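In the working numbering, the protein residues as written are -8 to 435.
Below is one structure; the comments refer to it alone.
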């Protein structure tokens, strides 16, 4: 007769074999993490090259389906992920930085509760798998000094120190994570604070420990972008300044002056020589970092366009999302980057609400526009023979409704998309949700 322990072990082995025969479509092996996620060392390339399948860039359109909802209890101001999309980081208004396991979320078995599914579309059944979280704290320049205890007569110094109770350390203030930027292999992470400081955390080792604080800005840091060589980063703040930092020294190496209002976004082109910055007042400035001349090239706003600029995604052409006043039309303006000329504007439906975020797809034909009511996949192709063109030039991407989209992240391989809802410290409502999407290219 077999013992109960032997029967239990045999049953568990059979169940594990059965599970192993049905691999998840979102497994790490399918995505190639065994090759891309390696221990960080001097021989490991710091930037992972995109490994897109050919049809991702040549397809006619995309089918974008939401599958996972990561519920937060606050506005989600910032979002970033590793290059291989294994870990996703969000920064909330509550002052916490959250770390999610992307593939465990997409292919896992953690389901939303009935109340959570009530506000989601039918395809969203799974909940985000959170791995850890830590506080985004305001580290003071120097902690208040405490007087050393005096040594009473006739008592040894060690005994006197043990008998005197040291005062507790002051509680650190938690700051909303207005911006995040993570290293490609999640060795370290940057977060922008409300005071204008920038915290440098380690992630792989001593997770959540702040090793250095960079101080120069005087107002909340709204934008953080790491340079392509990962030896520096660019920060933008509400104090109207744009700074280029050296991560080896923690010092500012260059300052870009020219904005008169809060910095809303910046983009570093893949050549690493061109920097695009935008501000709320509508200014869009192009900087050539190779030149010693600090005078930027300005892209003027089109006529009848209110000055309210929120994004600068890069595609084959330069696309800028404009947030209009409530009594005007909602537009997305398209620019030719080389000539600096305005090409055309895409008008949203009058009841769509302001455009809060824009992202471009790799086929050069589509852009993703986020409004208050929905997220739209716009066909911006000029090819009249395109069979996918219709009277309505956009498709509704299901999932989002009724809130301001703070960030849209499309992974380098164009397989997945993540959206977060929050007002980034400005104005707007939120759904308090981060949605994980699967992108399926359609060839016909």
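Think of the CB as a built atom: it goes at the ideal place given N, C-alpha and C, for glycine as much as any other residue.
Quick caveat: nothing in here was measured; it's all calculated off a predicted structure.
**OP:** Mark residue 244 as exposed unless 16 or more other C-beta atoms lie within 10 angstroms of its C-beta, in which case mark it buried.
**Re:** Within a 10 Å sphere around the beta-carbon of residue 244 sit fewer than 16 other beta-carbons, which makes this residue exposed.
Original post:
Identify the residues that DSSP records as bridge partners of residue 69: which are they?
Top reply: Residue pairing by DSSP places residue 69 opposite 82 in a beta bridge.
Original post:
If you drop the 5 nearest sequence neighbours on each side, which residues of the same chain put their C-beta closer than 7 Å to that of residue 356?
Top reply: These residues qualify, in order along the chain: 370, 371, 372.
Original post:
Where does residue 421 fall in DSSP's three states?
Top reply: In the structure shown, residue 421 sits in coil (DSSP, three-state: anything other than H, G, I, E or B).
Subject >> Distance between beta carbons of residue 126 and residue 165, contact taken as under 8 Å >> reply: 5 Å
Subject >> Contact set for residue 180: own chain, Cβ-Cβ below 6 Å, skip 5 residues either direction >> reply: 173, 192, 194
**OP:** Report buried or exposed for residue 431, applying the criterion of at least 16 other Cβ atoms within 10 angstroms of its Cβ.
**Re:** exposed
**OP:** Give the C-beta separation of residue 213 and residue 170 to the nearest angstrom, bearing in mind that I take them to be a contact with Cβ-Cβ under 8 Å.
**Re:** The Cβ separation is near 6 Å, so the contact holds.
Original post:
Hey, how far is the Cα of residue 88 from the Cα of residue 188?
Top reply: 16 Å
**OP:** Report back the beta-carbon spacing between residue 224 and residue 231 to the nearest angstrom; my notes put them in contact at under 8 Å.
**Re:** With a Cβ gap of about 18 Å, residue 224 and residue 231 do not count as contacting.
Original post:
Looking at the structure shown, is residue 108 part of a helix, part of a strand, or coil, going by DSSP?
Top reply: helix
Original post:
For the segment 60 to 78 against the segment 396 to 405, are there 3 or more C-beta pairs whose distance is under 8 Å?
Top reply: yes
Original post:
Going by alpha carbons, who is nearest to residue 63 out of 92, 95, 57, 118?
Top reply: Answer by Cα proximity: 118.
**OP:** Return the residue from the list 120, 368, 289 that minimises the CA-CA distance to residue 330.
**Re:** Closest option to residue 330, Cα to Cα, is 289.
Subject >> Cutoff 7 Å; reference residue 293; Cβ partners in own chain excluding five residues on either side >> reply: 324, 333, 336
Original post:
With burial defined as no fewer than 16 other Cβ atoms inside 10 Å of the residue's Cβ, what is the status of residue 339: buried or exposed?
Top reply: buried
Original post:
With 16 other CB atoms within 10 Å as the buried threshold, where does residue 393 fall?
Top reply: exposed
**OP:** Could you check the C-alpha separation between residue 211 and residue 273 for me, to the nearest Å?
**Re:** 19 Å
Original post:
Taking 7 Å as the cut-off, is the CB of residue 56 close to at least one heavy atom of the ligand COA?
Top reply: Absent from the structure shown: the ligand COA. Ligands present: none.
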